[in-house]
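Each residue of the sequence shown is one higher than the one before, counting from 15 in the numbering used here. Note that beta-carbon positions come from the ideal geometry of N, C-alpha and C, so glycine has one too. Data block below; observations after.
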Amino acid sequence: MSKPEPAGSTRPPLRALATGLVDYAGLFPPAQLGMSDAMRNYAEYLRGPHSWILGRFVVPIARLGEFDAASAELLSSGEGSIAWKLAALAGDDLAADVQAALKFNCRHWQGSELGHAIIDTIEMRAQAGLDPEIARAAVPGFFTLYIETSSGRPAAIADSVEGSGARAKIRMGGVTGDAFPAPHEVIDFLAACAARRLPFKATAGLHHLIRSQYPLTYESGSKRAAMYGFLNVFIAAAALYAGASRDNAHDILMESDLKAFSFGDTGITWRGLVISADDISGAREFAASFGSCSFREPVDEMLAAGLIG
């Protein structure tokens with residue numbers, strides 16, 4: 015089953031911004047669903063009218079056995095089947111995890127009774143003493159490799175992976191207030207990636223549309239914190255790609271008024287700064303996606319704001 019095209023009421027710049035933007039990470043906090051529930055959700059989203067926004071299913075390599083156990087009833091197989099695309103998270107033993115990913119792909123070939131799925135992306139945290147070029151060489155070229163910084167300086171990962179063939183990853187939040195990087199750290203990272211045209215993805219804390227105060231978890235009485243909006247992050251990235259200043263990108267990142275943005279047929283405007291649809295499309299070549307424990311929240315907030323149909 016092919017994905018539907020964006021609804022006609024979705025303007026071209028927003029189509030460019032949102033297509034394939036959300037990698038579904040329902041296994042992770044704060045949702046932290048079981049494997050079967052997360053997979054059922056993903057199957058439902060793939061069939062839904064907003065599947066054009068949906069990216070990969072995010073799964074730890076250590077849990078691929080659980081995926082196998084639930085896959086036969088949810089995944090299609092045979093001629094014409096559409097493979098689920100997975101982003102698999104590696105642990106400390108990269109070599110063993112790469113082998114596990116390769117074996118998974120063999121088990122889930124098109125005609126498999128387990129259903130058609132393919133890991134085409136591997137994500138890992140930077141490891142002390144492991145050079146990104148060595149990590150990239152240890153991962154077959156078939157896989158896209160993202161490396162997440164383990165330091166307090168997100169931009170450092172852009173410096174270290176440049177030229178290695180790997181991509182960068184930034185963690186944008188979590189379930190505690192101290193998990194969110196400072197604005198200048200985010201801008202340093204985005205600017206470093208934009209200058210190098212280095213592809214990146216983001217993860218955690220980005221399931222809301224616009225920057226504001228939100229509960230950190232889904233529990234009653236959860237503490238609240240200022241959380242970045244995915245609209246802020248990806249429009250800031252597009253602005254930097256288009257040559258805007260770091261100050262402008264910082265202010266876009268910190269914008270909490272959705273009315274400050276306007277969405278036309280040829281571009282997105284923020285307080286007089288225009289980012290063309292072409293620049294947004296170009297920026298998405300390096301601003302790849304973000305992982306979210308919820309797919310419905312980003313979609314529902316875009317629907318409520320009238321940004322998509």
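Cα-Cα, which of the options is closest to residue i?
i      : options                       : result
Pro5   : Ser23, Val288, Phe118, Leu287 : There is simply no residue 5 to check, as the chain begins at 15 and stops at 323 in what is shown.
Gly129 : Glu87, Arg211, Ala196         : Glu87
Thr158 : Ala297, Met316, Ala302        : Ala302
Arg211 : Ser90, Trp284, Tyr255         : Tyr255
Ile294 : Phe214, Thr280, Val36, Ser126 : Thr280
Ile201 : Asp192, Met186, Thr190        : Met186
If we ignore side chains and look at the alpha-carbon of each, how far apart do residue i and residue j end up?
i      : j      : result
Thr135 : Gln227 : 32 Å
Arg181 : Arg150 : 10 Å
Pro27  : His198 : 26 Å
Asp261 : Ile289 : 15 Å
Gly323 : Ile282 : 17 Å
Gln124 : Gly92  : 5 Å
Gly155 : Arg285 : 42 Å
Thr24  : Leu223 : 16 Å
Phe194 : Ile184 : 10 Å
Met15  : Phe309 : Residue confidence for Met15 is low, a pLDDT of 43 falling below 50, so the modelled location carries little weight; the figure read from the coordinates is stated next. Spanning the two alpha carbons is a distance of roughly 19 Å.
Glu299 : Cys307 : 23 Å
Leu116 : Gly34  : 24 Å
Pro168 : Ala206 : 10 Å
Ala152 : Tyr160 : 13 Å
The alpha helix (DSSP H) with residue i in it runs from where to where?
i      : result
Ala263 : 260 to 268
Arg54  : 49 to 61
Phe244 : 244 to 255
For the beta strand (DSSP E) containing residue i, list its first residue and its last residue.
i      : result
Phe214 : 214 to 217
Leu68  : 68 to 74
Ile224 : Note, Ile224: premise wrong, no beta strand (DSSP E); not H, not E.
Met241 : 238 to 241
For residue i, which residues does DSSP report across the bridge?
i      : result
Lys99  : Ile132
Trp284 : Phe275, Leu287
Val313 : According to DSSP, Val313 bridges with nothing at all.
Below 8 Å, can you find three or more Cβ-Cβ pairs linking the segment 76 to 86 to the segment 55 to 68? Too few Cβ pairs lie closer than 8 Å, so no.
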